[in-house]
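Structure first, then comments.
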Amino acid sequence: MIGFWRKFIIVAGATQLALTGCATPGRLPAVPISEAASAVPTAGPVRFLVTRETDSFAAEARASLAKEQLWLASQGRTDLPPAYFLAISGGGDNGAYGAGFLNGWSEAGTRPQFKVVTGVSTGALISPFAFLGPKYDYVLTRVYTETSQKDIFKKRGIVKGIFGDAMADSRPLAGVIASYVTPELLSEIAAEYAKGRILLVGTANLDSLEPVIWNMTAIAASKDPGAKKLFESVLLASASIPGAFPPVMIDVNVNGARYQEMHVDGGTMAQVFLYPPSISVANSPQRKRVLYIIRNARLDPDWSSVERRTLSIATRAIGSLTRTQGVGDLYRIYATTQRDGIDYNLTYIPATFSTPHNEEFDTAYMRSLYDVGKQAAKAGYQWQKYPPGFEAPIQASATTPGN
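Reminder that position 64 of the sequence shown reads as 65 in our numbering, one-by-one numbering, no gaps.
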């Protein structure tokens, strides 16, 4: 979701300044800053606060390896197969590209089973089905080729938007998520977790202004009666652009006291992620490691004649910030993969795609973009080996003067 929501958010923010003091939706108290690291969701320790510490993330990585080795041993295997990672970015209805790409990859017969899948925003919505494999390709087809705007959100009036917590009501999207997050789906995800596979989704905690990485596989495996609701809430939160969609309030416990955290679109922290750069897999058992990144966005110049008006300038500037952040994420991940010996592979919406985008979640636009992604993968996509704008280093030869 791009320009439409940026304009509404800016207008709402400006109007809110003029109406400060009016009633707003309530909430439980936020977690005191001194207790933030101690807050635990209802399903238990199922997330990572990676700006505070990464020991728990590293422990989870070691545990997943141990589970994988036990599973392989039960199948009579002692060797470690290649580890494939998939990172799916945000991008609103541009997620149709990633959905189509994954399904085309399945039809090509070359799509691997992923050891780890990560998702942000629309990538978070795709991630559970990418994690479980081609069996769920039909869900991606339905959601990204049959969905329209009314299936995702309902616009609120300007007054309700300003006095509420967002310019639109995302209950339609919440209903779509709930219809697919069934007990059977959670059981399948939990079974893969027992084999050492991991599904991660990113959100942003607005109270503390920090990224939160949720272990969706651990949530699915939880016996807590609220696990299904938490799983759905995290997916919805990761796709909730602040100001456009309402934030998702997640209940947490601190020493027996109840609090609420306000979570929104993980893309406000990172457009795509792999694992914290402070963690290295270089010292783990030797195996082939391959990363695939699906960037649900274009990376070519996005030209527009900008009106010399405050709203137009601010909207364009926010778009520039989001775009630049996304490219920066690709570079950060590239640096991590080069350090850790992981094969880097990137795909994104091609510059040749030209279908008009008339509104958010425009069905015709999504179908066209889905087909572009699907055909690219079916044809045997030539993965980009470097981030955009990065030139491959020139290898010095034995005949080079001075060598």
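Every residue, glycine too, gets a C-beta built ideally from N, C-alpha and C.
Because the structure is a prediction, the values reported are computed rather than measured.
Inset, instruction - Provide the residue span of the alpha helix (DSSP H) that contains N162, from first to last. - result: Per the sequence shown, residue 162 should be read as Gly rather than Asn. Per DSSP, G162 belongs to the alpha helix (DSSP H) from 159-164.
Inset, instruction - For Q385, I'd like the list of residues in its chain whose CB is within less than 6 Å of its CB, leaving aside the five on either flank, ordered along the chain. - result: L347.
Inset, instruction - Taking 8 Å as the threshold, find out whether the segment 259-273 comes into contact with the segment 201-218 through three or more Cβ pairs. - result: yes
Legend entry - Helix, strand or coil at T123 [DSSP, three-state]: helix
Legend entry - Of the listed residues D152, S209, G327, L174, nearest to V51 (C-alpha basis): S209
Inset, instruction - Following the continuous alpha helix (DSSP H) through L292, name the residue where it begins and the one where it ends. - result: Careful: L292 lies outside any alpha helix (DSSP H), inside the beta strand (DSSP E) at 290-299.
Legend entry - Candidates Q383, P351, V235: closest to P129 by CA position: Nearest Cα to P129 within the set Q383, P351, V235: V235.
Inset, instruction - Return the residue from the list A298, R310, T338 that minimises the CA-CA distance to G96. - result: A298
Legend entry - Run of the beta strand (DSSP E) containing A88, from where it starts to where it stops: 84-89
Inset, instruction - Would you mind giving the Cβ-Cβ distance between Y98 and L331, rounded to the nearest angstrom? I have them listed as a contact below 8 Å. - result: With 8 Å as the limit, Y98 and L331 do not qualify as a contact, their Cβ atoms being about 15 Å apart.
Legend entry - E308 versus R296: straight-line alpha-carbon distance, rounded: 29 Å
Inset, instruction - Please determine, among A74, L174, A109, R63, the residue with the shortest C-alpha to C-alpha distance to V282. - result: The residue from A74, L174, A109, R63 with its alpha-carbon nearest to that of V282 is R63.
Legend entry - Distance between T123 and H358 (C-alpha atoms, nearest Å): 17 Å
Inset, instruction - Would you kindly work out how many angstroms separate the C-alpha atoms of I314 and V291, rounded to a whole number? - result: 40 Å
Inset, instruction - Could you name the residues that DSSP lists as bridge partners for R48? - result: For R48, which the question treats as bridged, DSSP gives the partners W215.
Legend entry - L275 versus A88 - alpha carbon distance: Cα to Cα, L275 sits roughly 6 Å from A88.
Legend entry - Of the residues R340, R259, Y139, the one placed nearest P42, counting alpha carbons only: R259
Legend entry - Nonlocal neighbours in the same chain, by C-beta distance under 6 Å from I220, ignoring five residues either side: Excluding residues up to 5 positions away in sequence, A44, V47, A228, L231, F232 lie with their Cβ nearer than 6 Å to the Cβ of I220 in the same chain.
Legend entry - Supposed close pair V354, D94 - CB separation, criterion 8 Å: Strictly speaking, residue 354 in this sequence is Phe, with Val absent from that position. That pair is no contact at about 13 Å.
Inset, instruction - Could you tell me the boundaries of the alpha helix (DSSP H) in which V328 lies? - result: 311-341
Inset, instruction - Tell me whether the beta-carbon of P389 lies closer than 8 Å to the beta-carbon of L300. - result: yes
Inset, instruction - Closer than 8 Å by C-beta to I190: which residues in its own chain qualify, once you throw out the five before and the five after it? Chain order, please. - result: P129, F132, L133, L200, M217, T218, A221, A222
Legend entry - Among L312, A318, I280, nearest to F58 - alpha-carbon criterion: The candidate whose alpha carbon is nearest that of F58 is I280.
Inset, instruction - To the nearest angstrom, report how far apart Q261 and L207 are at their CA atoms. - result: CA-to-CA, the gap between Q261 and L207 works out to about 11 Å.
Inset, instruction - Examine chain D for any beta-carbon lying closer than 8 Å to the beta-carbon of E108, and answer yes or no. - result: The question asks about chain D, but that chain is absent: this structure has only one protein chain.
Inset, instruction - Find the nearest neighbour of N104 within the set Y382, G92, P278, Q287, judged by alpha-carbon distance. - result: Y382
Inset, instruction - Would you list the one or two residues that DSSP bridges to H264? - result: N206, V249
Inset, instruction - Name the residue from A175, E69, A60 whose alpha carbon lies nearest to the alpha carbon of P248. - result: Residue A175 is the option with its Cα nearest to P248.
Legend entry - Beta-bridge partners of R259, as assigned by DSSP: N254
Legend entry - Neighbourhood of D166 by C-beta, 8 Å cutoff - its chain only, sequence neighbours within 5 removed: T25, P26, P247, P248
Legend entry - Other residues of its chain near S305: CB distance less than 6 Å, five sequence neighbours each side excluded: Within the same chain, and ignoring the five residues on either side of S305 in sequence, no residue has its Cβ closer than 6 Å to its Cβ.
Inset, instruction - In the DSSP assignment, find the unbroken alpha helix (DSSP H) run with D138 in it and report its ends. - result: 138-146
Legend entry - Presumed contact (8 Å Cβ cut-off) between G197 and W72, rounded CB distance: 6 Å
Inset, instruction - Using only alpha-carbon positions, find the residue among G320, T337, N284 that is nearest to P278. - result: For the set G320, T337, N284, the Cα lying nearest the Cα of P278 is the one of T337.
Legend entry - Contact set for Q326: own chain, Cβ-Cβ below 7 Å, skip 5 residues either direction: Within the same chain, and ignoring the five residues on either side of Q326 in sequence, the residues whose Cβ sits closer than 7 Å to its Cβ are Q272.
Inset, instruction - Using the DSSP secondary-structure output, state which residues sit across from I199 in a beta bridge. - result: Note: I199 sits in a beta bridge opposite V117.
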